[in-house]
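Protein chains: 2
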Amino acid sequence: MRLLVVGSIALDSVKTPFGEAKEVLGGSATYFSTAASYFTDVSVVAVVGSDFPEEHYALLKEKNIDLRGLERVKGETFRWVGEYGFDLNEAHTIATELNVFQSFEPKVPEEYKDIDYVFLANIDPEIQLSVLEQVNRPKLVACDTMNYWIEGKFEALKKLLKRVDILIINESEAREFTKEPNLVKAADIILSYGLKYLIIKRGEYGALMFGDSSIFHAPAYPLEFVYDPTGAGDSFAGGFMGYISNTDNMSEDAIRQAIVFGSVMASYNVEAFSLDRLKNLEYSAIKERFKEFKRLTHFEDL
Amino acid sequence: MRLLVVGSIALDSVKTPFGEAKEVLGGSATYFSTAASYFTDVSVVAVVGSDFPEEHYALLKEKNIDLRGLERVKGETFRWVGEYGFDLNEAHTIATELNVFQSFEPKVPEEYKDIDYVFLANIDPEIQLSVLEQVNRPKLVACDTMNYWIEGKFEALKKLLKRVDILIINESEAREFTKEPNLVKAADIILSYGLKYLIIKRGEYGALMFGDSSIFHAPAYPLEFVYDPTGAGDSFAGGFMGYISNTDNMSEDAIRQAIVFGSVMASYNVEAFSLDRLKNLEYSAIKERFKEFKRLTHFEDL
Chain A
1 MRLLVVGSIA LDSVKTPFGE AKEVLGGSAT YFSTAASYFT DVSVVAVVGS
51 DFPEEHYALL KEKNIDLRGL ERVKGETFRW VGEYGFDLNE AHTIATELNV
101 FQSFEPKVPE EYKDIDYVFL ANIDPEIQLS VLEQVNRPKL VACDTMNYWI
151 EGKFEALKKL LKRVDILIIN ESEAREFTKE PNLVKAADII LSYGLKYLII
201 KRGEYGALMF GDSSIFHAPA YPLEFVYDPT GAGDSFAGGF MGYISNTDNM
251 SEDAIRQAIV FGSVMASYNV EAFSLDRLKN LEYSAIKERF KEFKRLTHFE
301 DL
Chain B
303 MRLLVVGSIA LDSVKTPFGE AKEVLGGSAT YFSTAASYFT DVSVVAVVGS
353 DFPEEHYALL KEKNIDLRGL ERVKGETFRW VGEYGFDLNE AHTIATELNV
403 FQSFEPKVPE EYKDIDYVFL ANIDPEIQLS VLEQVNRPKL VACDTMNYWI
453 EGKFEALKKL LKRVDILIIN ESEAREFTKE PNLVKAADII LSYGLKYLII
503 KRGEYGALMF GDSSIFHAPA YPLEFVYDPT GAGDSFAGGF MGYISNTDNM
553 SEDAIRQAIV FGSVMASYNV EAFSLDRLKN LEYSAIKERF KEFKRLTHFE
603 DL
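Chains as they are written, first to last, in this note's numbering: chain A, 1 to 302; chain B, 303 to 604.
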């Protein structure tokens, strides 16, 4: 099946204890679509400025990502400058220059309107809602959000969640959303907005999925070298949604496998700056790491 | 088989956001032996003061814990006063009164010397070494330690690790031990001291086991109500060593199951203050929660 993502395309400057990268390809839609491209046909709705380098277009094209919904407008591309300490779990934002992303009004092309799987990356929930107004009854909608919208656009966010099947957020966002430190209780509250599943990302500690009557836990892959966590959450979402779209199966078994595929893609993503690792994967390596997750978590039943 | 633990017995005063408990039964040997008592025959070497309440003796006796190695000396029992915030992962120590524990010199009774499984709870590594001098070639020795000894008694600790099979420590201790933020690299360094396995406890994020050529990850059980994390690490170690001692099996399959049993005991422990939950378990409830860990982590292979 096909998969639609609406999000950002950015030029990132990132510094970690292990190196730095300047004006490299980034953005939620970029990480998401590249990760998902190994599983399914991905179509992007996003915006870039007139300064967006041709080589980045070429990379996304090479991944067979459908860019008919990518607007190029006059002005500068969205830029993000960030830094990580040895605790790679948290990014410290040094500068955010929204530029052309500031006035982004996603327009879903006619050719995208019947796409069955939709991911709304982290943007203003009102804009996320406007995307849902433009598409024809997708089978499954997932979205991300962040503290900024939880604090500033809570009503729009709640309205959005009524129309979404799966919310994928960070642990701190789940706590912020509910003012509840206990994650199990927080998950109950968030699920009550009408979601089928809530997926809570915990960085190097993995991910938890909460459904109606079950919980699933996937660890993060223990890596010896983590260079840059930027985009890990979007790569996770891309692997997750990519697999679901590929199998066209929304059973809990498939959702659990999809979470592991998401974790696989996130683990590859953090092994290099920007998309340097993510863009050059073989599907056999993805399957091999999936199997390593199996070995990592396996124990004999009683 | 039989299991020996050398550690502390204390009277704890604990405050969490969910309540408080004053002068209740605590200490590493207490949590460890109670957790292990559901799996195997446990013998304790520890010390208490003349003020140690009779009811606490009675409780340990009721759990069939062998107390022939428990010294009662003139003076006051070890006391610990601590507090937790909403982030229940870290205890804030308010007071530590070592009292009779200050001059504790463990004496292993003749009847304990052939015990095959030995756990050295967190004490001065020189004292841990003195215990190993007193026992006859156990099959397996595991130990705990803490930042205080890593900083103050590093040489003794390294000497100890050469004689130990399994080290069970917290994530921050593994980083402190090696000055290495990456856990996989830190584990490699620690294993090189001659250990068979290193188990890193990560509080609400579970535990990681590092062996020669494999890694195993067990999550913590997602609980809706966590009242008091005190003793979780020792309950984990008790469930872990109790199961190993019970099966008399040191295969990696058994070690992995033992880590899950450790996680089960830790999860019950934190559901109440002191030993209030841990002391009243049915074995069927322990097995049931083991099976819940299986459901929590299960996904279909490719």
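Note that the Cβ used here is the ideal one computed from N, Cα and C, for glycine as well.
Within chain B, the residues whose beta carbon sits less than 8 angstroms from that of VAL226 (chain A) are ASN484, listed in sequence order. CA-to-CA, the gap between ILE429 (chain B) and PRO408 (chain B) works out to about 7 angstroms. Per DSSP, the beta bridge partners of TRP382 (chain B) are B:ASP314, B:THR398.
Annotated as distal: SER537 (chain B) and TYR386 (chain B), with beta-carbon spacing of 7 angstroms or more. Note that the stretch 540 to 547 of chain B touches the stretch 555 to 565 of chain B; at least 3 beta-carbon pairs, one per stretch, sit closer than 8 angstroms.
According to DSSP, residue pairing for PHE518 (chain B) in a beta bridge involves B:MET511. For ASP253 (chain A), the enclosing alpha helix (DSSP H) stretches over residues 252 to 269. Between PRO440 (chain B) and ILE470 (chain B), the beta carbon gap of about 16 angstroms keeps them out of contact (Cβ cut-off 8 angstroms). For PHE119 (chain A), the enclosing beta strand (DSSP E) starts and ends at 117 to 120.
Taking a cut-off of 8 angstroms for Cβ pairs, the stretch 342 to 354 of chain B and the stretch 284 to 291 of chain A do not touch, as fewer than three such pairs fall below it. Your pair LEU275 (chain A) and THR16 (chain A) does not check out as a contact, with CB atoms roughly 16 angstroms apart and the cut at 8 angstroms. Taking a beta-carbon distance threshold of 7 angstroms, ARG558 (chain B) counts as an interface residue toward chain A. Judged by beta-carbon spacing, SER43 (chain A) lies beyond the 7 angstroms limit of TYR117 (chain A), meaning their Cβ atoms are not closer than that value. Residue pairing by DSSP leaves SER547 (chain B) without any beta bridge partner. From the beta-carbon of LEU604 (chain B), the residues of chain A found nearer than 9 angstroms are GLN257, LYS287, PHE290, LYS291, LYS294.
A direct Cα-to-Cα measurement between ARG175 (chain A) and PHE210 (chain A) gives close to 14 angstroms. Between the stretch 62 to 79 of chain A and the stretch 87 to 106 of chain A there are three or more C-beta pairs closer than 8 angstroms, enough to call the two in contact.
Per DSSP, the continuous alpha helix (DSSP H) segment holding GLU364 (chain B) begins and ends at 356 to 364. Counting along the chain, the unbroken beta strand (DSSP E) around ASN170 (chain A) starts and ends at 166 to 170. THR93 (chain A) has a beta carbon lying at 7 angstroms or more from every beta carbon in chain B.
Legend: CB atoms of the stretch 185 to 211 of chain A lying less than 9 angstroms from CB atoms of chain B belong to residues LYS185, ALA187, ASP188, ARG202, GLU204, TYR205, GLY206, LEU208, PHE210. With a cut-off of 8 angstroms on Cβ pairs, the stretch 520 to 535 of chain B is not in contact with the stretch 483 to 498 of chain B, counting fewer than three such pairs. Of all residues in the stretch 353 to 374 of chain B, none places a beta-carbon less than 9 angstroms from a beta-carbon of chain A. Look at GLU373 (chain B) here: in three-state DSSP terms it is strand. Under the DSSP definition of a beta bridge, ARG175 (chain A) lacks any partner.
The C-beta separation of VAL308 (chain B) from ALA423 (chain B) comes to about 6 angstroms, placing the pair in contact by the 8 angstroms criterion.
A straight line joining the alpha-carbon of ASP426 (chain B) with that of ILE311 (chain B) spans about 15 angstroms. With a threshold of 7 angstroms between beta carbons, PRO411 (chain B) makes no contact with chain A.
At the C-beta level, ILE517 (chain B) and LEU296 (chain A) come within 7 angstroms of one another. In terms of Cβ geometry, LEU3 (chain A) and SER251 (chain A) do not form a close pair [threshold 7 angstroms]. Of all residues in the stretch 380 to 393 of chain B, only PHE388 come within less than 7 angstroms of chain A when Cβ atoms are compared, listed by chain position. Residue environment: GLU475 (chain B) is assigned as buried (16 or more neighbouring CB atoms within 10 Å of its CB, all protein chains considered).
A residue is called buried once 16 or more other Cβ atoms fall within 10 Å of its Cβ, and ASN64 (chain A), having fewer, is exposed. For ASP555 (chain B), the neighbours in chain A by C-beta distance under 8 angstroms run, in chain order, PHE299, GLU300. With respect to chain A, the C-beta atom of ILE517 (chain B) has a partner C-beta closer than 7 angstroms. Per DSSP, reduced to three states, the secondary structure at ALA338 (chain B) is helical.
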